[in-house]
Amino acid sequence: MASAGRLCQPVPASPTSTLPAVPAATRVVNFCLKAISQDKPNYGFHTNLNSGSATEYLVEPSFNDHYNDYTLDTTTGVIRHSAIEDDLQLYAPAPYGEGSPDRPVMSGKAPPSAAPLLCSNPDGQYTRGSLLRCTATGHGASGQSYTYDHFTYDPTTQLWAIGLEGVTSNGKYSYDIGIFFGGADCIYDNGR
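3 is the number of the first residue of the sequence shown in the numbering used here; add one for each residue after it.
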């Protein structure tokens, strides 16, 4: 006599991991900025605050000076000073439009009309020498939107600026901006 058949039992699902998920880093902290020239090979231009006021332009630092430490919020793209994050951020001030092909990059309590500098690394990598792609979008008098998307340096004024999309300024150098973390990377070395 044949034995009764056995019912197929469902295979139990593999247990899900009980380990907590590791959140992606949302802040890159304590880095300095180095502008690497496309127009002048092997020349590094480092940026620093011009001292003396609450709202400041970013310019070349004094010899043997330390560069500022910044914090980047990777979810918003906003860059702030590491020591005083809530107060000072990088932004491009008004006015915006064809009549303002370059806007200086400033650090301070940005007024409501100012376009914040929003930065990220397209590959999501934030290690020594990683390049940042930054934009600042502001509105002209008629309400039209203008995007600034590349860095420039004016040797006459010594200001670090961000240029209007699609506009090349005569007499100014173009730069890629990289992040660096302390040590010799963040001490002014006469442009090397």
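All C-beta atoms, glycine included, are put in the ideal place defined by N, C-alpha and C.
Fair warning: this is a prediction, and the values are worked out from it, not measured in the lab.
Residues near residue i in its chain [Cβ-Cβ closer than 8 Å; skip 5 each side]
| i | result |
| --- | --- |
| residue 78 | 120 |
| residue 28 | 75, 76 and 77 |
| residue 158 | 173 |
| residue 85 | 71 |
Same chain, Cβ closer than 7 Å to residue i, neighbours up to 5 away in sequence not counted
| i | result |
| --- | --- |
| residue 115 | 96 |
| residue 107 | 60, 92, 94, 119, 162, 163 and 164 |
| residue 20 | Any reading at residue 20 must be qualified, since the residue scores a pLDDT of 47, below 50, and its modelled position is unreliable; no value is offered. |
Cβ neighbours of residue i in the same chain (closer than 6 Å, five flanking residues each side left out)
| i | result |
| --- | --- |
| residue 181 | 33 and 132 |
| residue 138 | 94, 117, 119, 150 and 164 |
| residue 136 | 119 and 121 |
Distance, residue j Cα to residue i Cα
| i | j | result |
| --- | --- | --- |
| residue 156 | residue 105 | 11 Å |
| residue 172 | residue 160 | 15 Å |
| residue 151 | residue 179 | 12 Å |
| residue 130 | residue 101 | 36 Å |
| residue 168 | residue 154 | 13 Å |
| residue 186 | residue 39 | 19 Å |
| residue 189 | residue 124 | 27 Å |
| residue 184 | residue 35 | 10 Å |
| residue 2 | residue 146 | Outside the displayed range of the chain (3 to 194) lies residue 2, so it cannot be described from this structure. |
Supposed close pair residue i, residue j - CB separation, criterion 8 Å
| i | j | result |
| --- | --- | --- |
| residue 60 | residue 109 | 6 Å |
| residue 81 | residue 69 | That pair is no contact at about 13 Å. |
| residue 148 | residue 98 | 4 Å |
| residue 103 | residue 166 | 5 Å |
| residue 30 | residue 76 | 6 Å |
Beta-carbon spacing of residue i, residue j below 8 Å
| i | j | result |
| --- | --- | --- |
| residue 83 | residue 74 | no |
| residue 177 | residue 37 | yes |
Every unbroken alpha helix (DSSP H) inside the segment 122-171 [4 residues or more]:
Within the segment 122-171, no complete alpha helix (DSSP H) run reaches 4 residues.
Hey, which unbroken runs of the alpha helix (DSSP H) at 4 residues or more fall wholly within the segment 72-123?
Runs of the alpha helix (DSSP H) inside the segment 72-123: none found.
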